[in-house]
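Notes follow the structure.
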Amino acid sequence: MLKREKVPPGTVFPLEALELWSDDIEGRGDFSQYRSRLLELVRFVASYKPLIAGAKDLPVMESMQLALENIVISIFDGSNEFGGGSSEVQLALYRIFEGLLQQLLSLKWTERTLVEVLGHYLDALGPFLKHFPAAVGSVINKLFELLNSLPFVVKDPSTSTARYARLQICTSFIRIAKAADKSILPHMKDIADTMAHMQREGCLLCGEHNILGEAFLVMASTAG
Numbered sequence: 005m006l007k008r009e010k011v012p013p014g015t016v017f018p019l020e021a022l023e024l025w026s027d028d029i030e031g032r033g034d035f036s037q038y039r040s041r042l043l044e045l046v047r048f049v050a051s052y053k054p055l056i057a058g059a060k061d062l063p064v065m066e067s068m069q070l071a072l073e074n075i076v077i078s079i080f081d082g083s084n085e086f087g088g089g090s091s092e093v094q095l096a097l098y099r100i101f102e103g104l105l106q107q108l109l110s111l112k113w114t115e116r117t118l119v120e121v122l123g124h125y126l127d128a129l130g131p132f133l134k135h136f137p138a139a140v141g142s143v144i145n146k147l148f149e150l151l152n153s154l155p156f157v158v159k160d161p162s163t164s165t166a167r168y169a170r171l172q173i174c175t176s177f178i179r180i181a182k183a184a185d186k187s188i189l190p191h192m193k194d195i196a197d198t199m200a201h202m203q204r205e206g207c208l209l210c211g212e213h214n215i216l217g218e219a220f221l222v223m224a225s226t227a228g
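To get the working numbering, take the position in the sequence shown, counting from 1, and add 4.
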């Protein structure tokens with residue numbers, strides 16, 4: 005997933021430094037085969053994210069998000085395989101992804117493109133949230149924080165990139181609702197209350213409300 009190269013400190017990684025996936029790794033194979041590579045990806049995000057953000061090297065960030073999404077799906081999208089693994093491996097997985105999630109939640113990005121990418125990183129962790137429901141509330145709160153960080157009143161909605169980013173954040177609720185499954189159900193009331201508050205304040209637009217409403221339909225179908 006990540007090619008090992010000697011790069012001087014303070015250097016922003018070029019696009020060539022990233023490799024999304026390795027064909028010699030089974031998508032649902034034993035975690036021990038690619039654990040070291042996963043750790044390498046996590047350390048890369050934790051160590052170099054300020055440089056990437058400063059350079060606004062979005063292609064690198066987006067490619068890393070795709071790599072993360074592939075990894076999370078491979079590990080957590082087969083509940084039987086994950087549940088049947090050893091407790092040691094499960095604990096290692098939890099610590100790795102909990103640490104990465106905390107890194108993402110701590111980011112205070114407000115620039116439109118970075119907010120949008122951060123939202124995608126969070127919804128990429130949806131399958132992880134299915135197995136670790138304690139983290140769902142923090143992710144939901146962060147998504148609302150990102151949504152409120154973007155302006156909702158614009159002079160020309162047809163050309164506003166902020167408007168598009170807000171819609172993307174709302175779409176992340178749908179993706180997480182689908183991937184997290186029943187883990188999101190205890191948070192439905194809090195989501196509804198936050199939506200109602202934003203509507204009263206006039207800072208939730210019609211299209212955004214509709215997308216969040218669709219997320220509620222997904223949650224309701226999960227509840228049966």
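For each residue, glycine too, the CB sits at the ideal point set by N, CA and C.
Pick helix, strand or coil for L154, following the three-state DSSP scheme.
Taking the sequence shown and counting its residues from 1, one reaches residue 154 at position 150. Correct three-state label for L154: coil.
Nearest by alpha-carbon distance to N152: which of M199, Q107, L189 and G130 is it?
Position 148 of the sequence shown holds residue 152. Checking every option, the nearest Cα to that of N152 belongs to M199.
Taking only three categories from DSSP, how would you classify F136?
For the purposes of this step, residue 136 is taken as residue 132 along the sequence shown, with counting starting at 1. Three-state result, F136: coil.
Report all residues from its chain with a CB closer than 7 Å to the CB of K134; omit the five preceding and five following residues, and keep chain order.
As a working mapping, residue 134 is identified with position 130 in the sequence shown. For K134, where only same-chain residues beyond five positions count, the Cβ hits under 7 Å are F80, A183, A184, D185 and S187.
When DSSP labels each residue in this structure, what does D194 get in the three-state scheme?
Counted from its first residue, the sequence shown places residue 194 at position 190. Helix at D194.
According to DSSP, is G206 part of a helix, a strand, or is it coil?
Here residue 206 refers to the residue found at position 202 when the sequence shown is read from its first residue. Note: G206 maps to coil in three-state DSSP.
Exposure of H124, with buried meaning 16 or more beta-carbon neighbours within 10 Å
Stepping through the sequence shown from its first residue, residue 124 is reached at position 120. Residue environment analysis places H124 among the buried positions, since at least 16 neighbouring C-beta atoms fall within 10 angstroms of its C-beta.
Below 8 Å between beta carbons: does that hold for L154 and R204?
Working through the sequence shown from its first residue, we reach residue 154 at position 150. Working through the sequence shown from its first residue, we reach residue 204 at position 200. In this structure, the beta-carbon distance from L154 to R204 does not fall below 8 Å.
Can you name the start and end residues of the alpha helix (DSSP H) that L176 belongs to?
Against the sequence shown, residue 176 aligns to sequence position 172. A small fix is needed here, since residue 176 is Ser in this sequence, not Leu. Counting along the chain, the alpha helix (DSSP H) containing S176 begins and ends at T165 to A184.
Do the CB positions of E212 and A128 come within less than 8 Å of each other?
Here residue 212 is taken as the residue at index 208 of the sequence shown, counted from 1. Here residue 128 is taken as the residue at index 124 of the sequence shown, counted from 1. Against a cut-off of 8 Å, the Cβ pair of A128 and E212 comes out as no contact.
Less than 8 Å between the beta carbons of G141 and I180, yes or no?
As a working mapping, residue 141 is identified with position 137 in the sequence shown. As a working mapping, residue 180 is identified with position 176 in the sequence shown. With contacts defined by Cβ atoms closer than 8 Å, G141 and I180 do not form a contacting pair.
Leaving aside the five residues before and after D27 along the sequence, list all residues of the same chain whose C-beta is less than 8 Å from its C-beta, in chain order.
By one-based count along the sequence shown, residue 27 stands at place 23. Only weak support is given to the placement of D27: the predicted model assigns it a pLDDT of 47, under 50, and the question is left unresolved by the model.
Quick one: Cα of D194 to Cα of G206, how far?
As a first step, residue 194 is located in the sequence shown; it is residue number 190 there, counting from the start. As a first step, residue 206 is located in the sequence shown; it is residue number 202 there, counting from the start. Using only the alpha carbons, I get a separation of about 18 Å.
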